[in-house]
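The working numbering puts the first residue of the sequence shown at 40, with every later residue one more than the last.
Read the structure below first, then the notes.
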Amino acid sequence: MSAVGTPSHPLRVAIIGAGPAGFYAAEHLLKQPDLTVEVDLFDKLPTPFGLVRYGVAPDHPKIKNVTRIYEKTAKRPGFRFFGNVEFGKDVLLDDLRKHYHAVIFTTGAQVDRHLNIPGEDLDGSHSATEFVAWYNGHPEYRDLTFDLTRERVAIVGVGNVAVDVARILCRTPEELEKTDIADYALDALRKSRVKEVFMLGRRGPAQAAFTFPEAKELGEMPDADVYVPPEEAELDPLSKAELEAEGARDKLKKVALIQEWAHRPRTGKSRLLTIRFLVSPVEVHGDDTGHVSGVKLVRNELYKADDGRLRPRPTGVFEELPVELLFRSVGYRGVALPGVPFHDRWGVILNEAGRVIDPETHSPVTGLYAAGWIKRGPTGVIGTNKADAVETVEKLLEDVKAGRHWEPEEPTAEAAEQLVRTHQPDFVTFEDWKRLDALEIERGKAVGRPRVKFTSVEEMLEALRAGSEAPPA
Ligand code: NAP
């Protein structure tokens, strides 16, 4: 073991991205019994928690309680948060090399995958990622506009993100008011004229990516009926055989639920959510003004691919689905970071079990690690990132033990803070965040909501400045 990790020479790790994977990585580093570790967790936004704040649906408050675990991590000695500090702009890889022994990238998957079909970029065609970030008050998405005066909406994809989007579009203002949805989104959704929402699955009910609890919620919305065309709820022979062979309980429950929806009578609720299966969009059509007016769908059939998976292929039978808004919800992808090897097709940092790999030599790059969605792609639930981050940190500790780490010139907390202060004097600490958190909750109390989020960086910094200038009580 090198001397790194002792009280006089702590192991210093920078983590880039303060979402779940970043916090789980910090926790695992800081709880090492025989090592003294210092972790600086950076985020380009002033607020921590990444997708828990900006991805989890506002009507799922229980899921957000996971932040209590992250707050415990933030209280550990050796932990610091530097919010409003962007990697690649305010701090560069070469800067980090001067003050840390290693860096872990936990930047998640921030952009959406495309359908690559004609008309995808027409007005009124959006990515679900943008809509989700918008209604959750993400500062970089707050100025987007979604024309919710339109009546018919299609969502491409049947994963849990598509379910979130469908639910938010189908909720009543009274339901949304009880959440921490961004106030501008609440206003827009109050005026919404959306009447019909279609979710479009390219495969069958047995392959739907949404999970059972999330699906079940769709059938329990106070003012929206759910429907599946009966012929699309039926399983094809290949799916039937696969399901029987697998006997997977969750899948069976999901299929049974979908089949129940197919025979559920409409109850006259204001909105209708229709879930379609075995259809793929092939072209988005627009009206004279260039706005989405419909989507051309092709009917699919399933076949067994060489890898044994059931995949869709077009049958040549087409239909036109008139819709005026379209959200593609076909998965997220990561964004490349300056100086960090990236696999463009997979949308992840090139890595092996969290160790970043040099694309030319195929060997690990000393000091660089990845965890979470930027490491493995956008799969799993929040808790999945814990085991993922632990795996990465274990590799990092193994390397440190073997002396494979950066040799920083100034490995001190003070020097690192000075670096940040020089490039971003408006950095936000965890204590600052706790003040913002309290202010948001206070703003919420005033209007009977759990919180009213600050949605612009300037607004957050203003609130912090105002707080620090206030005379002592
Ligand atoms: P996802 O679960 O991977 O679902 C993506 C969906 O898009 C699938 O239905 C997929 O169909 C479809 N798709 C992909 N390419 C397509 C194409 N070219 N044309 C048509 N359809 C296409 O991704 P996600 O919904 O973005 O969710 C990401 C992760 O976050 C998931 O692990 C999800 O469970 C998780 N999440 C969880 C919650 C929650 O727990 N409440 C909420 C939100 C997200 P195929 O299956 O045929 O590929």
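Positions of the beta carbon are idealized from the N, C-alpha and C atoms, including for glycine.
Quiz item: What residue does the beta strand (DSSP E) around Asp264 start on, and which one ends it?
Solution: Sequence index remark: in the sequence shown, residue 264 carries index 225 (1-based). It spans Ala263 to Tyr266 - the beta strand (DSSP E) in which Asp264 sits, taken as one unbroken run.
Self-check item: Met238 to Ala205 span [Cα, whole Å]
Solution: By one-based count along the sequence shown, residue 238 stands at place 199. By one-based count along the sequence shown, residue 205 stands at place 166. Cα to Cα, the separation comes out at about 8 Å.
Quiz item: Phe170 by DSSP, collapsed to three states: which one?
Solution: Here residue 170 refers to the residue found at position 131 when the sequence shown is read from its first residue. Three-state result, Phe170: helix.
Exercise. Could you tell me if the beta carbon of Val142 falls within a distance shorter than 7 Å of some heavy atom in the ligand NAP?
Key: The residue labelled residue 142 in the question sits at position 103 within the sequence shown. False, no ligand heavy atom lies under 7 Å from that Cβ.
Self-check item: CB-CB length for Ala227 against Leu187, believed under 8 Å
Solution: Numbered from 1 along the sequence shown, position 188 holds the residue referred to as residue 227. Numbered from 1 along the sequence shown, position 148 holds the residue referred to as residue 187. Confirmed, about 5 Å.
Quiz item: Cβ of Thr418 versus every heavy atom of the ligand NAP: is any distance shorter than 7 Å?
Solution: Taking the sequence shown and counting its residues from 1, one reaches residue 418 at position 379. The answer is yes for Thr418.
Quiz item: Can you give the Cα-Cα distance for Asp427 and Arg310, rounded to whole angstroms?
Solution: Here residue 427 refers to the residue found at position 388 when the sequence shown is read from its first residue. Here residue 310 refers to the residue found at position 271 when the sequence shown is read from its first residue. Whole-angstrom Cα-Cα distance: 40 Å.
Quiz prompt | Any non-hydrogen atom of the ligand NAP closer than 7 Å to Ala287 Cβ | solution = What you label residue 287 is simply residue 248 of the sequence shown in a count that begins at 1. False, no ligand heavy atom lies under 7 Å from that Cβ.
Quiz item: So, using beta-carbon positions, are Phe514 and Ala167 closer together than 8 Å?
Solution: Lying outside 40 to 512, the shown extent of the chain, residue 514 is not represented and no answer is given.
Self-check item: Burial state of Phe88, where buried means 16 or more other Cβ atoms lie within 10 Å
Solution: Along the sequence shown, one-based indexing puts residue 88 at 49. That one is buried.
Quiz item: In this structure, what does DSSP give as the bridge partners for Phe185?
Solution: Here residue 185 corresponds to residue number 146 of the sequence shown, with the count starting at 1. Per DSSP, none; premise fails for Phe185.
Self-check item: For Val467 and Pro59, the rounded distance between their alpha carbons
Solution: The residue you call residue 59 lines up with position 20 of the sequence shown. The residue you call residue 467 lines up with position 428 of the sequence shown. Going from the Cα of Pro59 to the Cα of Val467 covers about 18 Å.
Quiz item: From Gly56 to Val195, what distance separates their C-alpha atoms?
Solution: On the sequence shown, position 17 is the one that residue 56 refers to. On the sequence shown, position 156 is the one that residue 195 refers to. When the Cα atoms are used, Gly56 and Val195 turn out to be separated by approximately 29 Å.
Practice problem: With a threshold of 16 other CB atoms inside 10 Å of the CB of Glu66, please say whether the residue is buried or exposed. | Solution: For the purposes of this step, residue 66 is taken as the residue at position 27 of the sequence shown. Using a 10 angstroms sphere on the CB of Glu66, the tally of other CB atoms reaches 16 or more, which defines it as buried.
Quiz item: What residues in its chain sit with their C-beta under 7 Å from that of His48, if we drop five residues either side in the sequence?
Solution: Your numbering for residue 48 matches position 9 in the sequence shown. So the list reads Ala42, once near-sequence residues are dropped.
Practice problem: Please confirm whether Asp182 and Lys492 have their CB atoms less than 8 Å apart. | Solution: As a first step, residue 182 is located in the sequence shown; it is residue number 143 there, counting from the start. As a first step, residue 492 is located in the sequence shown; it is residue number 453 there, counting from the start. No.
Self-check item: Gly243 beta carbon less than 8 Å from that of Asp289
Solution: By one-based count along the sequence shown, residue 289 stands at place 250. By one-based count along the sequence shown, residue 243 stands at place 204. For Asp289 and Gly243, no; Cβs fall outside 8 Å.
Exercise. Take Val233 as the anchor and find which of Val318, Ala201, Val265 and Arg191 has the nearest alpha-carbon.
Key: Indexing the sequence shown from 1 puts residue 233 at position 194. Out of Val318, Ala201, Val265 and Arg191, Arg191 has the C-alpha closest to the C-alpha of Val233.
Quiz item: Where does Arg372 land, buried or exposed, given buried means 16+ other C-beta within 10 angstroms?
Solution: For the purposes of this step, residue 372 is taken as the residue at position 333 of the sequence shown. Flag for Arg372 reads buried.
Exercise. Compute the Euclidean distance between the alpha carbons of Val124 and Val130, then round it to the nearest angstrom.
Key: Looking up residue 124 in the sequence shown gives position 85. Looking up residue 130 in the sequence shown gives position 91. A direct Cα-Cα distance of roughly 7 Å separates Val124 from Val130.
Quiz item: In this structure, does DSSP put Leu389 in helix, strand or coil?
Solution: If you number the sequence shown from 1, residue 389 lands on position 350. Correct three-state label for Leu389: coil.
Quiz item: Is it the case that the CB of Pro313 approaches a heavy atom of the ligand NAP more closely than 7 Å?
Solution: In the sequence shown, counting from the first residue as 1, residue 313 sits at position 274. It is Thr, not Pro, that sits at residue 313 in the sequence shown. Result no, Cβ not under 7 Å from the ligand NAP.
Exercise. Please find out if some non-hydrogen atom of the ligand NAP comes closer than 7 Å to the beta-carbon of Glu253.
Key: Taking the first residue of the sequence shown as position 1, residue 253 is located at position 214. Short note on Glu253: C-beta closer than 7 Å to some heavy atom of the ligand NAP.
Quiz item: Asp79 bridges to which residues according to DSSP?
Solution: Position 40 of the sequence shown holds residue 79. Beta-bridge partners assigned by DSSP to Asp79: Ala53 and Arg119.
Practice problem: Hey, could you find the ends of the alpha helix (DSSP H) Glu299 is sitting in? | Solution: To locate residue 299, count along the sequence shown from 1; it is residue 260. It spans Arg288 to Ala301 - the alpha helix (DSSP H) in which Glu299 sits, taken as one unbroken run.
Quiz item: Apart from the five residues on each side of it in sequence, which residues of its chain come closer than 7 Å, Cβ to Cβ, to Arg338?
Solution: Counting from 1 along the sequence shown, the entry for residue 338 is found at position 299. Excluding residues within five positions, the ones whose Cβ falls inside 7 Å are Leu317, Val318, Thr354 and Val356.
Quiz item: Under the rule that 16 or more other beta-carbon atoms within 10 Å means buried, what is Trp300, buried or exposed?
Solution: The count along the sequence shown starts at 1 and reaches residue 300 at position 261. Trp300 is buried by the Cβ-count criterion.
Quiz item: What is the DSSP secondary structure of Leu135, counted as helix, strand or coil?
Solution: If you number the sequence shown from 1, residue 135 lands on position 96. Three-state DSSP puts Leu135 in a helix.
Quiz item: So, Leu431 versus Lys414, is the Cβ gap smaller than 8 Å?
Solution: Looking up residue 431 in the sequence shown gives position 392. Looking up residue 414 in the sequence shown gives position 375. At residue 431 the sequence reads Thr, which differs from the Leu that was named. The Cβ-Cβ distance between Thr431 and Lys414 falls below 8 Å.
Quiz item: Gln463 to Leu389, Cα distance in whole Å?
Solution: If you number the sequence shown from 1, residue 463 lands on position 424. If you number the sequence shown from 1, residue 389 lands on position 350. Taking the straight line joining both Cα atoms gives about 29 Å.
Exercise. Write down the C-beta distance between Val331 and Val362 rounded to the nearest angstrom, noting that I regard them as a contact closer than 8 Å.
Key: The count along the sequence shown starts at 1 and reaches residue 331 at position 292. The count along the sequence shown starts at 1 and reaches residue 362 at position 323. Rounded to whole angstroms, the Cβ separation of Val331 and Val362 is 7 Å, and the two are in contact under 8 Å.
Quiz item: With 16 as the cutoff for other CB atoms within 10 Å, does Asn155 come out buried or exposed?
Solution: Here the question's residue 155 lines up with position 116 in the sequence shown. Flag for Asn155 reads exposed.
Quiz item: Which residues mark the beginning and the end of the beta strand (DSSP E) in which Thr354 is found?
Solution: Stepping through the sequence shown from its first residue, residue 354 is reached at position 315. Boundaries of the beta strand (DSSP E) harbouring Thr354: Leu349 to Leu360, taken from the DSSP string.
Quiz prompt | Sufficient close CB pairs (3 or more, under 8 Å) joining the stretch 90 to 103 to the stretch 173 to 180 | solution = Flag = yes, the stretch 90 to 103 and the stretch 173 to 180 touch.
Practice problem: Verify the contact flag: His462, CB atom, against every heavy atom of the ligand NAP, threshold strictly below 7 Å. | Solution: The sequence position of residue 462 within the sequence shown is 423, counting from 1. Checking the Cβ of His462 against the ligand NAP gives no.
Quiz item: Is Tyr371 near the ligand NAP, in the sense that its beta carbon is under 7 Å from a heavy atom of that ligand?
Solution: Looking up residue 371 in the sequence shown gives position 332. Tyr371: yes, Cβ under 7 Å from the ligand NAP.
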